[in-house]
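So the structure is just underneath, and the comments pick up after that.
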């Protein structure tokens, strides 16, 4: 059965991804390969999670599905991870903390929408009730999201440095999903062990997931606001990607916040409403923080740069 809401999401996310792919390709081969490999990584995550761990399954109402994973989910993973990395670059954080900043930016969105998405029927968590975990979401989901982004970001940023010295190394980006997935699997082992030792309730060890988020947030905060920061990315060509990253995040936040209000979830679970509003406020503040960093570096505000001349000057390399 065709679900018009799901179809609209599929079309919208696909159009944004195509726009991001064109912008990335115009900047160079490596940015394009990063986006494509992030999409492949997203599909690998979704397929393997359902085959191996069997913790959730998607609604049959999605239109375009590759085996068990809707194509749009892989594209959205790419937009979230690549977009977070673009924002982190624009902030000019401490170099070693960048993957942690990326992870926190991505987990912010999952905290805002996952519990709403399951109530819209987009996917279903198995063996868990609506009050278990994070309002029906497996607690371990948030922990794994951290390491999904951390592993991919760390390896991709490492390859960027290698590709700057050896151009042919760019193509290795297409292989990044494999070791990134290995990092994810390795990270699950301590979580599973601690959960078993502490007799975690149905829905998983929520305290462990939020402790991990807190630790990541501390490292990310040090990277964003501490001393020793890198200068922000000043390439004019990156402005298009940056605007798309902000637009994607805002679209996701607003869509699920609206759904929460329309379905009455906001009154049933006010904690979700507060969480969504707080995270939306942080997202709305990110462009201002980026512009402050750009101004301090003598760069024009990203929001004030006309896109038409930037796009016109971009040429594929």
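In my numbering, the protein residues as written are 280 to 596.
Note that the Cβ used here is the ideal one computed from N, Cα and C, for glycine as well.
- Taking residue 414 as reference, the option from 441, 393, 425 with the minimal CA-CA separation is 393.
- Distance from the CA atom of residue 342 to the CA atom of residue 348, rounded to whole angstroms, is 11 Å.
- Residue 411 sits away from residue 513, with the two beta carbons spaced by 8 Å or more.
- When the beta-carbon positions are compared, residue 373 and residue 502 come within less than 8 Å of each other.
- Residues of the same chain with a CB within less than 6 Å of the CB of residue 378, apart from the 5 flanking positions on each side, are 429, 432, 433 in chain order.
- The Cβ atoms of residue 325 and residue 285 do not sit closer than 8 Å to each other.
- Our two residues, residue 511 and residue 568, have alpha carbons roughly 11 Å apart in a direct line.
- In the pairwise beta carbon analysis, the region 513-523 is classified as not touching the region 437-450: fewer than three pairs are separated by under 8 Å.
- Under the 8 Å Cβ criterion, the region 474-490 does not count as touching the region 350-357, having fewer than three qualifying pairs.
- One thing to note: residue 422 has its Cβ within 8 Å of the Cβ of residue 470.
- Contact between residue 489 and residue 462 is ruled out by a C-beta separation of about 21 Å, above the 8 Å threshold.
- The beta carbon of residue 328 lies closer than 8 Å to those of 334, 335 in the same chain, with the five residues before and after it left out.
- Bounds of the beta strand (DSSP E) holding residue 402 are 402-404.
- If you look at residue 336, you'll find it in the beta strand (DSSP E) that goes 335-337.
- By the 16-neighbour rule on beta-carbons within 10 angstroms, residue 572 is buried.
- Out of 498, 295, 525, 477, the CA that lies nearest to the CA of residue 582 is found in 525.
- DSSP places residue 393 inside the alpha helix (DSSP H), whose first and last residues are 377-398.
- DSSP places residue 416 within a strand segment (E or B) once states are collapsed to three.
- For residue 512, no alpha helix (DSSP H) segment is defined, and its DSSP state is neither H nor E.
- A direct Cα-to-Cα measurement between residue 553 and residue 543 gives close to 14 Å.
- The Cβ atoms of residue 303 and residue 520 sit closer than 8 Å to each other.
- Per the DSSP secondary-structure output, residue 348 pairs in a beta bridge with 345.
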